[in-house]
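The listed protein sequences correspond, in order, to chains A and B. If you use the UniProt record's numbering, the first sequence corresponds to residues 1 to 577, in order. If you use the UniProt record's numbering, the second sequence corresponds to residues 1 to 412, in order. Inspection log for the structure reproduced underneath, given as structure tokens.
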Amino acid sequence: RDFNERCAQCSEVNWGLTDGGRFYCRSCHNVNEITREVVSTDFVCNTRIQTISKGLRKPEKTDGGCEWYVCEGFQLVLKKQAEALEALGVCPQMKDEVLCNFWRRYLQKTKQAYCNMSAGETVKALSVCDSSTDVDSEPEGPSPLHLLSLSESEGDLQTDSSFASSLSKVSETQESTSVCSGSVDGSLYLMKNRKEKLRMTMPMTLSFCYMALLWLREPMTLSDLLRFVAEGHIPYLNVFQHFPEKMKLYGLDLKIFCVESWPVYEEVYNKMLELAAFLDLPRFPDITDSCFLHPDMLCMKYLMEANLPDELHNWTCRVVKKICIGEADFLTLVPGNKSRRNVKYDVLAAAVIIVVLKLLFLLDDHYEWLLSDFAEERNKNNKEGGPYFEFKKWYKVVKCTLDVKQKKLDEERAKYLWRCEKLLFYSDKKKSKVLKRRQTVVNLQNQFGKLSGSVLPAEKPNPSSFQLSWSEENTDGSCFHGHSLKGVLQEKRGLLTAMNPDYWLCTVKLCNEKTCGHLAHYREEDFPQSYHFVIKLFSFLLRIQPSYIHDEVCVIEHKLFNKKLCKKPKYNTGLRK
Amino acid sequence: SFHEYKLNFKKSKEMCLSYIQDAMLQKQWKRAAEFLTFYIESLEKDFSAEYTSPSEVIWRIGTEILCRHSHSSMKELNSFTEHVKTLGVKRYLKVCLEHTFHLLCNGLIDEAYQNLSLAESWRFGEQTFIQGKEMKLIKAYRGLLDYYSWSKQKNILLEHGQDGFEDLSVEQEMHSCFRKAAVNLQEIIKIPGVWDLFVKCYVDLLEFYGDHNAARQVLSEYAYNSKFPANPNAHVYLYQFLKRHGESKKSLISVLKILHDIVPSHELMIDFNIMLQKSKKRKRRRLGLEVIFAVLDYAGWKEDVKAWSCLARQVKQIVISEKHLDWIKQEWNSRKDWWPAFHFSRYLAKRNWQENESLSYEKALVAGILLGKDCKYFKYVSHQGCKAQVKRLRILKKFVNKHNPVYLRISG
């Protein structure tokens with residue numbers, strides 16, 4: 001009776017009802033696929049209605065679904081992610097203890113502002129406990145949700161400031177939530193005041209993971225983690241595929257669980273800091289020089305990956321020591337401490353390497369090539385020991401590889417498939433449309449897939465900590481690990497120092513992060529090409545924007561030349577060491 | 001560069017699209033198909049608030065790839081187009097129309113006809129009204145195909161007629177096609193626009209059935225109705241019709257005059273000039289001169305012997321009669337600054353002589369009169385001609401020498 005859509009065949013609006021509860025067009029007898037589900041308070045009052053078809057949507061779902069809360073969904077996501085991490089070699093402690101505890105703590109902290117909004121909510125919470133959900137079947141025992149709700153029902157009900165007004169809202173939404181989202185509290189979840197503490201989001205799941213990894217000092221940096229996510233080794237995109245059948249997702253759930261973008265390093269990192277502070281976590285376990293995340297270790301790894309001589313490691317260690325960034329106090333995360341700048345281990349290590357390269361090779365698009373020619377000359381007479389490192393050769397080899405890899409990565413990104421088999425709908429009305437559309441898409445994909453010779457993208461690559469690898473066994477001389485730096489060093493008073501006497505600062509003055517958001521501003525055209533190249537190299541390896549690395553380089557330089565900078569207020573770009 | 005650090009669905013698909021475009025520009029159809037495969041999922045509504053449907057892009061790209069790819073076939077294209085039709089109702093008729101064009105280009109006339117008939121019967125609420133223009137085009141093209149059938153039937157009949165057979169069913173078929181075609185063709189040419197092919201076909205039908213008045217009406221309307229865009233072809237068709245029916249010189253000339261105004265370099269201008277030269281009326285002869293000079297202003301006619309011979313004949317005739325030299329003077333006035341370099345350079349003299357003796361002869365005559373016997377062109381050609389002992393060139397030399405004072409009069 002309320003159905004006002006036009007008939008698809010004759011575009012009239014003249015509906016009647018079949019026995020099966022379907023609408024049919026009286027003009028052309030076209031039977032419509034849409035069945036009407038009535039959620040209406042009129043049901044009880046209006047006895048004239050004959051248009052009930054597939055049953056009324058009451059709290060008990062008739063389509064085989066169960067009731068579930070948004071945070072249960074997130075819990076499942078975290079579980080899947082932890083399992084994936086375990087499969088990658090992370091210790092099981094992470095999944096069974098650390099992440100779990102973090103999550104519980106989060107629920108505790110947020111539940112206080114979350115489920116005590118109204119009496120209606122707690123009633124719902126109780127009913128969840130009564131009916132056992134699939135989420136309960138976890139090895140760690142009864143769901144934390146279960147425990148929390150039980151305890152809370154006895155405690156004080158902290159009233160929200162908007163309790164009174166929200167009460168009426170809730171009674172409306174109680175019925176509408178079940179229509180607008182598969183989860184019980186989907187719409188409430190999204191409606192919540194933005195000022196509220198740390199509402200859980202998909203990117204935040206990665207913050208949780210990283211936080212747990214950091215706590216355990218696992219050998220995985222944030223950039224590694226995000227890369228594994230992008231390569232599909234850790235569920236993130238379309239993670240809802242792993243939800244059990246009974247947990248129906250639709251409507252507003254999609255806004256919560258379906259992501260349409262890759263997580264950004266900065267975002268995940270900053271959220272992690274917020275989270276750590278929010279959960280009142282104590283000082284994290286110390287990062288010492290035997291940890292993977294310590295700059296000495298990471299530098300070694302990145303030097304290898306960048307195909308640079310092992311001897312450079314001495315230099316990175318010297319720099320690290322000189323500016324005291326190898327101290328546990330500097331490296332360890334202390335949540336809530338806003339006076340210190342927090343450490344991004346991967347970016348830090350990359351920046352140290354770049355500073356060392358600048359120290360030895362200057363990288364002003366001039367000196368490094370001269371030095372390289374010089375080393376080449378010396379190499380001709382060099383018979384014993386390993387060859388001297390020649391910047392030119394290294395540049396050629398690495399640039400070649402980098403270009404190939406970058407091109408490949410770009411193509412992969414363009415070919416990325418975002419959809420999965422499981423279809424989601426905003427509402428039942430859209431369901432048939434979505435299904436039809438999916439069918440068309442699959443057909444077209446097949447048609448063009450045949451023409452292109454391939455059907456779907458290749459299997460995801462095996463997870464590996466190293467993206468670039470170079471083998472000493474290659475006789476073509478493309479591996480520079482064993483090369484010697486003697487070509488660019490000279491003896492002075494018994495010590496080996498760099499032949500390069502100069503250094504240029506990336507920036508004379510650091511910006512104020514709080515006011516302008518950055519410490520420095522990076523533009524490719526403002527800096528030498530060689531510098532840009534090394535920035536680009538690490539930008540590729542870490543999958544982050546060049547400007548983040550550049551910022552870090554600026555910070556390290558300022559620490560390194562601190563004394564000199566403080567002495568004289570004005571500086572030219574050249575600087576004597 | 002593609003180094004996107006904040007990669008989301010929208011940007012990812014944009015990147016994909018640019019890869020497709022690059023591949024297509026380089027005619028790498030396999031690669032384009034490959035990336036298109038990954039682009040297609042953008043048809044599914046994404047979860048962001050804004051939604052711009054890529055279905056038109058996919059339609060156009062997909063069609064192009066299927067037309068060019070070596071492993072593709074019409075069958076593939078048909079299947080693809082069927083899917084596309086379901087993707088957007090607002091584009092339905094347009095897709096049908098373009099599909100028809102593809103079918104026609106591949107010689108599948110019957111399929112094209114079926115397609116059009118199906119499209120004609122499509123109804124979809126107010127969309128039918130919104131897509132009214134496309135509907136008219138669909139009917140028009142169906143009319144065209146009906147004409148084509150009619151034409152085939154007609155030819156069959158004529159053949160049979162020659163053999164002495166009579167075929168009633170073919171005849172009836174033919175008339176039926178005529179009726180269908182006429183209705184639709186008539187409709188479309190009412191709308192201001194360029195309908196050359198449709199007009200021609202319709203006129204052909206009318207002529208065949210003897211309705212010459214209607215035919216003339218249609219052509220006049222097409223040529224003279226100011227609402228229609230200026231179209232030289234309209235005048236050409238009208239002229240051809242009038243000529244076919246032996247109309248008076250007066251009406252022919254009036255049509256061609258308009259054509260001269262619109263397209264002075266039109267090939268019919270040669271016939272026009274010939275017609276005008278022969279006329280007894282002074283005004284017409286004057287116009288003839290104007291017309292032929294205008295034709296030779298255009299680079300496309302530079303090496304055309306016929307055009308030059310027309311000009312040469314008229315110039316010669318004027319010079320001999322010693323009347324109306326001022327005509328030549330008038331025409332030459334605006335051209336004397338640039339025609340010498342354009343037509344009568346020494347380089348051209350050499351080239352024309354080498355490539356086309358007749359051309360150089362005609363041009364030499366004109367040059368000799370307009371520029372005098374001492375001009376580069378005339379001197380070279382006549383010298384060469386005398387060397388080669390070409391008779392007519394010797395005669396020409398004498399002629400120009402005799403009338404050299406004329407040059408002095410017109411150049412002043």
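Just so you know, even glycine gets a beta-carbon here, dropped at the ideal spot from N, CA and C. Since this is a predicted model, take the numbers as computed values, not measurements.
- A Cβ-Cβ separation of about 14 Å leaves B:M275 out of contact with B:V295 under the 8 Å criterion.
- Taking 8 Å as the upper bound on Cβ-Cβ separation, chain B lies near no residue of the segment 68–93 of chain A.
- Here DSSP, grouped into helix, strand and coil, assigns A:W470 to coil.
- The beta carbon of A:V553 sits closer than 7 Å to those of A351, I354, V355, C506, all from its chain and outside the five residues before and after it, given in chain order.
- Taking the beta carbon of B:N78 as reference, no residue of chain A falls within 7 Å; the closest one sits roughly 11 Å away.
- Residue-level contact by beta carbon holds for B:E41 and chain A, with a gap shorter than 8 Å.
- DSSP places A:K492 inside the beta strand (DSSP E), whose first and last residues are 489–492.
- Taking 9 Å as the cut-off between beta carbons, the residues of the segment 238–254 of chain A near chain B are L254, in sequence order.
- Rounded to whole angstroms, the separation of the alpha carbons of A:P295 and A:E266 is 20 Å.
- The C-beta distance from A:I549 to A:V347 rounds to 6 Å, short enough to fall under 8 Å.
- Judged by DSSP secondary structure, A:D253 falls within the alpha helix (DSSP H) whose first and last residues are 253–257.
- Only E76, S79, F80, H83, T86, L87 from the segment 74–104 of chain B bring a Cβ to less than 8 Å from some Cβ of chain A.
- The DSSP assignment places no complete beta strand (DSSP E) segment of no fewer than 3 residues inside the segment 5–77 of chain B.
- For A:D502, no alpha helix (DSSP H) encloses it; the enclosing beta strand (DSSP E) starts and ends at 502–504.
- Judged by pairs of C-beta atoms under 8 Å, the segment 77–92 of chain A touches the segment 233–248 of chain A, as three or more such pairs exist.
- Counting the other CB atoms within 10 Å of its CB gives A:V70 a total of 16 or more, which places it among the buried residues.
- A:V268 is not a Cβ neighbour of A:Y189, given a cutoff of 8 Å.
- For B:C177, no chain A residue has a C-beta closer than 7 Å to its own C-beta; the minimum C-beta separation is roughly 31 Å.
- DSSP places A:A498 in the uninterrupted beta strand (DSSP E) bounded by 495–498.
- The C-alpha of B:A119 is placed about 23 Å away from the C-alpha of B:E173.
- Counted as a single uninterrupted DSSP element, the alpha helix (DSSP H) harbouring B:P232 occupies residues 232–244.
- Linking B:W195 to B:F129 through their CA atoms gives a straight-line distance of about 23 Å.
- DSSP, read as helix, strand or coil, puts B:F178 in helix.
- At a cut-off of 8 Å between beta carbons, A:R227 makes no contact with chain B.
- The segment 53–63 of chain B and the segment 71–89 of chain B touch, with no fewer than 3 CB-CB distances between them shorter than 8 Å.
- For A:P546, the uninterrupted alpha helix (DSSP H) segment begins and ends at 546–560.
- The beta carbon of B:I318 lies closer than 7 Å to those of H324, L325, W327, I328 in the same chain, with the five residues before and after it left out.
- Distance from the CA atom of A:K433 to the CA atom of A:V442, rounded to whole angstroms, is 14 Å.
- Between A:S452 and chain B, the shortest Cβ-Cβ separation is below 8 Å.
- Within the same chain, Cβ atoms closer than 6 Å to the Cβ of B:V199 are found at I189, Y222, the five residues on either side in sequence being excluded.
- Think of a sphere of 7 Å around the beta carbon of B:C16: the chain A residues whose beta carbon falls inside it are A414, K415, in chain order.
- Annotation: B:A23 has no Cβ neighbours in chain A at a cutoff of 8 Å; minimum Cβ distance is about 10 Å.
- By the Cβ criterion, the segment 14–33 of chain B is in contact with the segment 401–416 of chain A, since at least three pairs of Cβ atoms, one from each stretch, lie closer than 8 Å.
- Straight-line spacing of the CA atoms in A:P203 and A:P263 works out to 6 Å.
- The continuous stretches of alpha helix (DSSP H) do not include A:M220, and DSSP gives it neither H nor E.
- In this structure, B:I262 sits near B:P232, with a CB-CB distance shorter than 8 Å.
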